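Enquirer: Provided herewith is a single structure, encoded as structure tokens, for subsequent inquiry.
There are 2 protein chains.
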Amino acid sequence: MEKPSVTVDIILFTITEETLKVLLVKRRIEPFRNMWALPGGFVGMNETLDQAAKRELQEETGVKEHYLEQLYTFGEPERDPRGRVITISYFALINSKNLKLKADTDVIEAEWFSIDNLPELAFDHKEILNYALERLRYKLEYTTVAFQLLPKKFTLTELQKAYEIIFNKSLDKRNFRKKILSLGLIEETKETSKGAHRPAKLYSFTKQHKQLENFIKSYSISQSK
Amino acid sequence: MEKPSVTVDIILFTITEETLKVLLVKRRIEPFRNMWALPGGFVGMNETLDQAAKRELQEETGVKEHYLEQLYTFGEPERDPRGRVITISYFALINSKNLKLKADTDVIEAEWFSIDNLPELAFDHKEILNYALERLRYKLEYTTVAFQLLPKKFTLTELQKAYEIIFNKSLDKRNFRKKILSLGLIEETKETSKGAHRPAKLYSFTKQHKQLENFIKSYSISQSK
DNA sequence: CCAAAAGTGTTAGTGATACACCCATGT
DNA sequence: ACATGGGTGTATCACTAACACTTTTGG
């Protein structure tokens, strides 16, 4: 019996230069040669879908640590001109301090694009990206994923900026701090930031946060008995 | 190149006899012969994933109208002993008035099971079902999916019961009514229920509700340009 | 000393919760 | 007339949103 091909595509977000960015790679083969596309590739016969996504991501960025979560599966019969290809999309976040792009990627041309200055994308990748964006904004409201975009120690202003960049609107400083601190997810460190002006306290995640994060992840794929 | 097989599995919920039920079918072939499993089957080469789910569901229940939404894609290499099978799971709701089970299903033995009295399930279907249940409860909190389990016209008590059954806890009648009515999603009809006691007003969804529902659905697969 | 970012409290409004009795109908 | 489910209002509490000035540092 004829079978469809199965791939994973990854939408990897980060924040740099006060902008939300997504990683794209340039296609070197037809179809859509020389166009930009989401990183991804075929699922191996002996790896899980999560593993496939992780592997592809590492091949592109050389980075191992990141938040990764399955997003949605796209399977329109005509989405790839070469034939039936079903793709499981994954949503990933990384903090800009972690990323040393192109470590392993001499072969592949990969680049960060600001999400409000995107090139034309191959296949239905524009649609997939839009969906990922909605999901990112949506998840921000009820989870702590934004923390994934920050380094281990960060200032409250940095955290607030991350929210503002993703929601694309400004937030009230006092209310933001009140709320974040009341959640008990982060705690002061003894360190402070250095810079031109008044130093800011650095915060880090509490153990509670780690627990919550794991809870949210495990929530995605429930344990059975 | 070797390819995995791709299937869809459907978790169809309904409420009857004041219980949340799920539709299962009995397997007639190995592996797991004579065990109960989620309805589903292979994705055709020329249908979308949604179409495949709809088709399978109709083959099992003979019913066309139902809420259907993609849930999660499971792809552990060992989940099917016959070889690599990736399954895209779908989450479906139907109201018990609509269902005339086994219309088309003389060949397949299909049955409703109360979710707190389930048989052992084939493959990883227990895990998939658990995930669907979590999602159902979760979605109930911020969407109007519960309405899909009710007939077009319904009493507030029926609606409340649906919530109580799914959450498995009792709710305050006055608060429930206040909240539901304040949402403006339902409106009174001129009809009332008949029965042994005081007749209850029947309600139906407003246009607003339809809009919200469509919004939520389209939210799942965003439009691109 | 000044520019720039850090830090901090109060008030008003809105939504959530807890709670108990009367009403309309069929038998 | 009574049993059964239908229907209603108020008070408290918690959370959200709006809003402006002082503090600390480097240059």
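Quick mapping for you: the protein sequence lines, in order, are chains A and B. With the numbering used here as the guide, the letters of the first sequence map in order to residues 612 to 836. With the numbering used here as the guide, the letters of the second sequence map in order to residues 612 to 836. Ideal Cβ placement from N, Cα and C applies to all residues, glycine included. Note that the coordinates shown come from a computational prediction; the quantities given were computed from them, not determined experimentally.
Return the residues of the stretch 650-662 of chain B that lie within a Cβ-Cβ distance of less than 8 Å from chain A, sorted by chain order.
Expert: Phe653, Val654, Met656, Asn657, Glu658, Thr659 and Leu660
Enquirer: Is the CB-CB distance between tyrosine 742 (chain B) and tyrosine 683 (chain B) below 8 Å?
Expert: Taking 8 Å as the cut-off, the Cβ atoms of tyrosine 742 (chain B) and tyrosine 683 (chain B) count as close.
Enquirer: Going by DSSP, what residue range makes up the alpha helix (DSSP H) through isoleucine 739 (chain A)?
Expert: 736-753
Enquirer: Tell me whether phenylalanine 643 (chain A) sits in a helix, a strand or coil according to DSSP, three-state version.
Expert: coil
Enquirer: Could you pull the start and end residues of the alpha helix (DSSP H) that glutamate 775 (chain B) belongs to?
Expert: 767-778
Enquirer: Under three-state DSSP, which class holds glutamate 667 (chain B)?
Expert: helix
Enquirer: With 7 Å as the C-beta to C-beta threshold (strictly closer), list the residues of the stretch 675-704 of chain B near chain A in chain order.
Expert: Gln681, Tyr683, Thr684, Gly686, Glu687, Pro688, Arg695, Ile697 and Ile699
Enquirer: Thinking C-beta only, is proline 615 (chain B) closer than 8 Å to valine 617 (chain A)?
Expert: Result yes, Cβ atoms of valine 617 (chain A) and proline 615 (chain B) sit closer than 8 Å.
Enquirer: Around the C-beta of lysine 665 (chain B), are 16 or more other C-beta atoms found within 10 angstroms, so that it is buried, or is it exposed?
Expert: buried
Enquirer: Determine the chain A residues that contact glutamate 613 (chain B) at a beta-carbon separation under 8 Å, and present them in chain order.
Expert: Met656
Enquirer: Taking valine 756 (chain B) as the query, report the chain A residues whose CB atoms sit under 7 Å from its CB, ordered along the chain.
Expert: Near valine 756 (chain B) there are no residues of chain A at all, since even the closest Cβ is about 16 Å away, more than 7 Å.
Enquirer: Identify which residue in A:Phe758, A:Thr817, A:Leu668 and A:Glu680 has its Cα closest to the Cα of alanine 843 (chain A).
Expert: Residue 843 (chain A) lies beyond the range of chain A shown here (612 to 836); nothing can be said about it.
Enquirer: If you reduce the DSSP assignment to three classes, tell me which class lysine 614 (chain B) lands in.
Expert: coil
Enquirer: Run down chain B in chain order and give the residues with a C-beta less than 7 Å from the C-beta of serine 616 (chain A).
Expert: Lys614
Enquirer: Could you tell me which residues DSSP puts in a beta bridge with lysine 812 (chain A)?
Expert: A:Thr803
Enquirer: Below 8 Å, can you find three or more Cβ-Cβ pairs linking the stretch 752-766 of chain B to the stretch 807-819 of chain B?
Expert: yes
Enquirer: Is DSSP giving alanine 714 (chain B) helix, strand or coil here?
Expert: Confidence in alanine 714 (chain B) is poor, its pLDDT being 49 and thus under 50, which makes the residue's placement too unreliable to answer from.
Enquirer: If I measure Cβ to Cβ from lysine 637 (chain B) and keep anything under 7 Å in the same chain, skipping five residues before and after, which residues do I get?
Expert: Taking lysine 637 (chain B) as the centre and dropping the five residues before and after it, the same chain places the C-beta of Asn645, Trp647 and Glu720 closer than 7 Å to its C-beta, in chain order.
Enquirer: Does the Cβ of isoleucine 640 (chain B) have 16 or more other Cβ atoms within 10 Å, making it buried, or fewer, making it exposed?
Expert: Label assigned to isoleucine 640 (chain B): exposed.
Enquirer: State yes or no: is the beta carbon of lysine 665 (chain B) nearer than 8 Å to at least one beta carbon in chain A?
Expert: no
Enquirer: From the DSSP output, which residues share a beta bridge with alanine 733 (chain B)?
Expert: In the DSSP output, where bridge partners are listed per residue, alanine 733 (chain B) has none listed.
Enquirer: Taking valine 654 (chain B) as the reference, give the member of B:Leu792, B:Asp620, B:Phe702 and B:Leu794 with the closest Cα.
Expert: B:Asp620
Enquirer: Assuming threonine 659 (chain A) contacts glutamate 687 (chain B) under a Cβ cut-off of 8 Å, what Cβ separation, rounded to an integer in Å, is found between them?
Expert: 6 Å
Enquirer: If we ignore side chains and look at the alpha-carbon of each, how far apart do leucine 761 (chain B) and leucine 751 (chain A) end up?
Expert: 32 Å
Enquirer: Once the 5 residues before and after lysine 675 (chain A) are set aside, which same chain residues still bring their CB inside 7 Å of it?
Expert: Here lysine 675 (chain A) has Gln669 as same chain residues with Cβ atoms under 7 Å from its own Cβ, once five neighbours each way along the sequence are excluded.
Enquirer: Put aspartate 620 (chain B) into one of helix, strand or coil per three-state DSSP.
Expert: Per DSSP, reduced to three states, the secondary structure at aspartate 620 (chain B) is strand.
Enquirer: Using the C-alpha atoms, what's the distance from lysine 632 (chain A) back to isoleucine 726 (chain A)?
Expert: Between the alpha carbons of isoleucine 726 (chain A) and lysine 632 (chain A) lies a distance of about 5 Å.
Enquirer: Note down the Cα distance separating isoleucine 776 (chain A) from glutamate 629 (chain A), rounded to an integer number of angstroms.
Expert: 7 Å
Enquirer: Given a threshold of 16 other Cβ atoms within 10 Å of its Cβ, counted over all protein chains shown, does serine 781 (chain B) qualify as buried or as exposed?
Expert: exposed
Enquirer: For arginine 690 (chain A) and phenylalanine 734 (chain A), which I take to be in contact (beta-carbon distance under 8 Å), what is that distance rounded to the nearest angstrom?
Expert: 6 Å
Enquirer: According to DSSP, simplified to helix, strand and coil, what is leucine 679 (chain B)?
Expert: strand
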